[in-house]
Amino acid sequence: MRKIFYPIFAASILFGGAQLASAQDNLVNSLNKNVSENSKEAFKFTDVINLVNTSVKNQGSSGTCWSYSGNSFFESEMLRMGKQPVQLSPIFNARNTYVEKGRQYVRMHGATTLGDGGGFFDVLNTIKKYGAVPTDVYTGLNYGTKNNQFGEMAAIQEGVLKAVVSNPNGKLTPNWEKAYTAVIDSYLGEYPKEFTYNGKKYTPRTFADQVVGINPNDYVAITSFKEHTYYKPFVLAIPDNWSYESFYNVPMTELTDNIDYALKNGYTVAWATDVSEKGFSWKNGVAYVPEVDFADMNAQQKADMFKGPKPEKVITEDLRQAAFDDYQTTDDHGMHIVGLAKDQNGKEYYIVKNSWGLTNDYEGYLYVTKAFVQYKTTNILIHKNGVQKQTLKKLGL
């Protein structure tokens, strides 16, 4: 997910890059207005499915939603498999991803994405290559802060890498990677070669294999875009797919059908989406697609947006594709779908766990309509056994 924004505390939303400063103010002001008083009393949600998940975390001032939500997803996977709950370190995945991202940036002569954004594949790939550790072993808080603060580190990372690719000597020395990694390690901590957990010694590799027990090959990344052939993989064109991973393409309604199937069969879903919409209110803990475009609403309609359930726009594949093509849908944020609920009118919403702390009306969770998920999802990650059999067959899996 892009490093569009993330809260430091209750109401603070920042961007991950100086080049986005002017857009930051506009989006912050816009999102701060996406609030209605007494919204929680106006929506009456009843849980239908609420799958086990670990405690809500706060990613602080870092564009690491992809790692927080990815690790939350795998923590639920461990619980589903009957394992003891473990708080996995999202910053360990981030640290290792930034090392790989720097290598890719240099190989591409700077023609690829920088920043601390990423995707669910980055969590999978770093587990494969580097292993995993508990949060207590690798907090990433290596300089006295209580929450992540990545701005200074990111600026230095960028400076080092840009200096490397603009090397006037025309040939790189073998030292640049040591210098770059040293920047990351000075802020987040060095790679822990060995540690003790529950009285037993592990390396990140043995901990991932023996305790976490996640097989990265068991997971399927799915998206839905009409311009690509359905049931075939393609490289998803979003900035933070820096490693050019392929995603399986399915029709829009089949995407949500598979989320429903997963939840009903005990599987949670990692979810990447756009959250810059007027119909997304973090404070109120509700996201939907208003039937009337915000620009066409009168003052009263705007004031009432989150005062109880409202009619929604009918989402089509054409509408979804157009929103992606004209930048109305961007890869903003990663979260974790952990259940299904109904409002007082019987309408279904997904229960979504976020990584912005206990800072909204539902203490870190929100309720998202299926229309919003169909319209704004960029991709999902799901265990293959949580995918419908007919979909797996069409995908050739």
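Per this note's numbering, residue 38 is the first one in the sequence shown, and the count goes up by one each step. Cβ coordinates follow ideal geometry from the N, Cα and C atoms, glycine included.
Could you check if residue i is buried or exposed, using at least 16 other CB atoms within 10 Å of its CB as the buried criterion?
i	result
serine 203	exposed
valine 272	exposed
aspartate 311	buried
glutamate 112	buried
arginine 242	exposed
leucine 198	buried
serine 106	buried
asparagine 206	exposed
leucine 300	buried
lysine 426	exposed
alanine 340	exposed
glutamine 411	buried
methionine 145	exposed
threonine 138	Before going further, note that residue 138 is lysine rather than threonine in the sequence given. With 16 or more other Cβ atoms within 10 Å, it is buried.
serine 98	buried
lysine 413	buried
threonine 91	buried
Compute the Euclidean distance between the alpha carbons of residue i and residue j, then round it to the nearest angstrom.
i	j	result
methionine 115	proline 171	13 angstroms
lysine 263	glutamine 358	6 angstroms
aspartate 173	glycine 155	23 angstroms
threonine 83	glutamate 291	25 angstroms
glutamate 189	glutamate 78	41 angstroms
isoleucine 164	aspartate 333	47 angstroms
aspartate 330	aspartate 277	29 angstroms
isoleucine 193	tyrosine 142	15 angstroms
isoleucine 21	serine 392	Given a span of 38 to 434 for the chain in the structure shown, any question on residue 21 remains unanswerable.
alanine 360	glutamate 354	10 angstroms
tyrosine 228	tyrosine 175	8 angstroms
aspartate 398	tryptophan 319	8 angstroms
leucine 403	leucine 225	30 angstroms
leucine 418	threonine 233	31 angstroms
leucine 125	phenylalanine 244	11 angstroms
methionine 118	serine 261	29 angstroms
tyrosine 304	threonine 210	47 angstroms
lysine 166	phenylalanine 317	36 angstroms
aspartate 368	tryptophan 103	11 angstroms
alanine 191	asparagine 184	16 angstroms
threonine 415	alanine 309	6 angstroms
glycine 383	glycine 181	48 angstroms
tyrosine 285	histidine 420	13 angstroms
threonine 101	alanine 307	14 angstroms
tryptophan 213	glutamate 282	26 angstroms
leucine 151	glutamine 337	42 angstroms
asparagine 254	methionine 38	21 angstroms
proline 127	aspartate 363	32 angstroms
proline 122	valine 405	26 angstroms
serine 223	arginine 140	18 angstroms
leucine 356	glutamine 365	11 angstroms
asparagine 335	threonine 396	29 angstroms
phenylalanine 110	lysine 230	25 angstroms
tyrosine 256	asparagine 422	9 angstroms
leucine 429	asparagine 321	37 angstroms
threonine 266	methionine 289	13 angstroms
Quick one: measure Cβ to Cβ for residue i and residue j, integer angstroms, because I've assumed they're closer than 8 angstroms.
i	j	result
valine 424	asparagine 295	5 angstroms
valine 93	lysine 390	6 angstroms
valine 89	asparagine 130	Not quite, the Cβ-Cβ distance comes to about 22 angstroms (not below 8 angstroms), so this is no contact.
alanine 408	lysine 347	Not really, about 11 angstroms apart at Cβ, beyond 8 angstroms.
phenylalanine 343	valine 323	6 angstroms
valine 249	alanine 169	5 angstroms
asparagine 87	valine 375	7 angstroms
phenylalanine 157	glycine 371	7 angstroms
isoleucine 259	arginine 132	Wrong, their Cβ atoms sit about 27 angstroms apart, outside the cutoff.
lysine 315	asparagine 162	Incorrect: roughly 35 angstroms between the Cβ atoms, too far for contact.
valine 85	lysine 269	Not really, about 33 angstroms apart at Cβ, beyond 8 angstroms.
phenylalanine 80	glycine 345	6 angstroms
Using a Cβ-Cβ cut-off of 7 angstroms, state whether residue i counts as contacting chain C.
i	result
asparagine 75	Reference to chain C is not applicable here, since this structure consists of a single protein chain.
Where are the alpha helix (DSSP H) runs, 4 residues long or more, that stay fully inside the region 236-275, in chain order? 241-244
Can you list the alpha helix (DSSP H) stretches of 4 or more residues lying completely in the region 185-244, in chain order? 188-202, 213-225, 241-244
Please give the ranges of any beta strand (DSSP E) in the region 352-408, keeping only runs that are unbroken, at least 3 residues long and fully inside the region. 370-379, 385-390, 402-406
For the structure I just gave you, are there three or more beta carbon pairs, one from the region 226-243 and one from the region 206-217, closer than 8 angstroms? no
What residue ranges within the region 66-92 form continuous alpha helix (DSSP H) runs of no fewer than 4 residues, ordered along the chain? 76-79
Would you list, in sequence order, the uninterrupted beta strand (DSSP E) runs of no fewer than 3 residues that lie entirely inside the region 281-359? 283-286, 306-310
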